[in-house]
Amino acid sequence: MARKRKTRVRKSQIGGVLAVIVIALLGLYRTGALDGVMDRVGITQSITAKTSGNNAVDQDAYKQLTQLTFSSGSAPVVQVNGGKSTLTASTWQSSHIDYGNLDRLNRTTTATAYLSKDNLGKSEGRPSQEWTPTGWHYNRSGQTEIYNRGHLIAYTLTFNINSDGKHEQGAEGSSDNPKNLATQSAYSNQVLMQIYEGKVRQALVDGKQVIYQVTTVFRGDELMPRGYWAQAISTDGTVNFNVYIYNVQPGYQFNYTDGSAQADSAMKVDESGLDN
437 MARKRKTRVR KSQIGGVLAV IVIALLGLYR TGALDGVMDR VGITQSITAK TSGNNAVDQD
497 AYKQLTQLTF SSGSAPVVQV NGGKSTLTAS TWQSSHIDYG NLDRLNRTTT ATAYLSKDNL
557 GKSEGRPSQE WTPTGWHYNR SGQTEIYNRG HLIAYTLTFN INSDGKHEQG AEGSSDNPKN
617 LATQSAYSNQ VLMQIYEGKV RQALVDGKQV IYQVTTVFRG DELMPRGYWA QAISTDGTVN
677 FNVYIYNVQP GYQFNYTDGS AQADSAMKVD ESGLDN
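Quick note: the sequence shown, position 180, residue 616 per my numbering, numbers continuous.
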């Protein structure tokens with residue numbers, strides 16, 4: 437009898453521990469804290485996207501991305517569709533860029549570039565930027581640069597293409613095109629985007645043809661994008677990526693409603709898993 441009683445006690449104790457764990461996880465889920473925990477241990481939400489014959493943006497995947505919230509200490513880049521592009525390589529016919537129209541709030545939408553080596557240029561002496569994208573704030577004099585006018589398609593990838601996206605030999609690139617500029621953190625623009633722009637640039641240097649699409653992701657009517665959805669595929673398949681890049685800045689917190697920012701020393705990113 438004593439042995440059975442001990443067994444029942446152990447089972448009761450185990451059941452109690454499991455109940456506490458379940459309640460704790462439920463609390464984390466309801467507060468949204470579980471997302472941050474999952475990110476820090478290398479688990480990300482699974483975002484799938486559908487392939488489109490005309491390379492249209494998958495709106496279901498877009499809606500999923502709008503709900504992602506960066507948690508301090510997490511990875512600043514999320515793989516979309518297992519990191520595989522949903523663009524159709526066979527649609528590459530000639531160099532041009534399909535610029536999406538600004539939406540009802542004057543925000544950028546998406547840009548899909550069909551690129552070749554002919555579209556490479558250098559950044560020295562680029563024209564000045566006058567366009568003010570939604571959510572824009574000027575960097576404060578003498579303080580850390582945190583705001584950039586970020587190009588959806590990098591300026592140095594848009595040579596010999598005019599502002600309408602059509603091939604035009606001698607065109608200097610899309611520097612001040614409202615359909616190609618959004619308010620981007622300096623970190624997102626100069627560190628994170630550079631990784632993937634570099635992959636596209638190297639492929640073009642190697643003579644490959646690449647389709648490269650960047651979509652700004654806004655939550656509701658917010659004026660500053662929460663992130664940039666970037667994907668690319670080369671016609672030979674050697675370049676193939678699909679990522680969501682958080683629009684964040686270490687040491688600062690953004691109010692995406694209007695683009696304002698506050699210093700926050702606790703705001704950090706985990707760069708350990710970034711591509712080289």
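Every residue gets a Cβ at the ideal spot worked out from N, C-alpha and C, and that includes glycine.
For clarity, every value in this text was computed on a predicted model and none was experimentally measured.
- Contact between Gln667 and Phe677 holds: their C-beta atoms lie close to 6 Å from each other, under 8 Å.
- Ser670 has Val646 as its beta-bridge partners, per DSSP.
- Around the C-beta of Leu659, 16 or more other C-beta atoms lie within 10 Å, and the residue is accordingly described as buried.
- DSSP places Ile589 outside both helix and strand once states are collapsed to three, so it counts as coil.
- In the structure shown, Tyr574 falls within a coil segment according to DSSP collapsed to helix, strand and coil.
- Distance from the CA of Ser526 to the CA of Ala590, rounded to the nearest whole angstrom, comes to 23 Å.
- Nearest neighbour of Gly536 by Cα position, chosen from Ala492, Gly634 and Asn584, turns out to be Ala492.
- Listed as beta-bridge partners of Tyr688 by DSSP are Gln685 and Ala699.
- One Cα belongs to Val646, the other to Leu541, and the distance between them is close to 31 Å.
- Annotated as proximal: Leu556 and Thr592, with beta-carbon spacing under 8 Å.
- Secondary structure at Ser621: strand, using DSSP grouped into helix, strand and coil.
- Residue environment: Gly663 is assigned as buried (16 or more neighbouring CB atoms within 10 Å of its CB, all protein chains considered).
- Counting only the Cα atoms, Asn584 lies some 15 Å from Pro563.
- Counted as a single uninterrupted DSSP element, the stretch harbouring Asp534 is not any alpha helix (DSSP H) but the beta strand (DSSP E) occupying residues His532 to Tyr535.
- Taking C-beta atoms under 8 Å as the contact rule, His573 and Asn616 fail to qualify, at a distance of about 20 Å.
- Listed in chain order, the non-local C-beta contacts of Asp554 below 7 Å within the same chain comprise Ser531 and Asn596, local neighbours out to five positions each way being set aside.
- Rounded to the nearest whole angstrom, the CA to CA distance from Thr524 to Ser577 is 45 Å.
- Taken through DSSP and simplified to helix, strand or coil, Thr568 comes out as coil.
- Counting other Cβ atoms within 10 Å of its Cβ, Trp665 reaches 16 or more and is therefore classed as buried.
- Taking Asp642 as reference, the option from Asp711, Gln620, Thr674 and Phe690 with the minimal CA-CA separation is Thr674.
- The C-beta distance from Val705 to Pro512 rounds to 5 Å, short enough to fall under 8 Å.
- Residue environment: Trp528 is assigned as buried (16 or more neighbouring CB atoms within 10 Å of its CB, all protein chains considered).
- The secondary-structure analysis by DSSP pairs Val513 across a beta bridge with Ile681.
- Counting along the chain, Ala607 sits inside no beta strand (DSSP E), nor does DSSP assign it H or E at all.
- Contact check for Ser610 against Ser599 passes: the beta carbons are separated by less than 8 Å.
- Note that the C-beta distance between Gly695 and Gly509 is not below 8 Å.
- Under the three-state reduction of DSSP, Val675 is assigned to coil, being neither helix nor strand.
- Collapsing the DSSP output to three states places Asn584 in a strand.
- Straight through space, the alpha carbons of Thr487 and Thr619 are spaced by roughly 28 Å.
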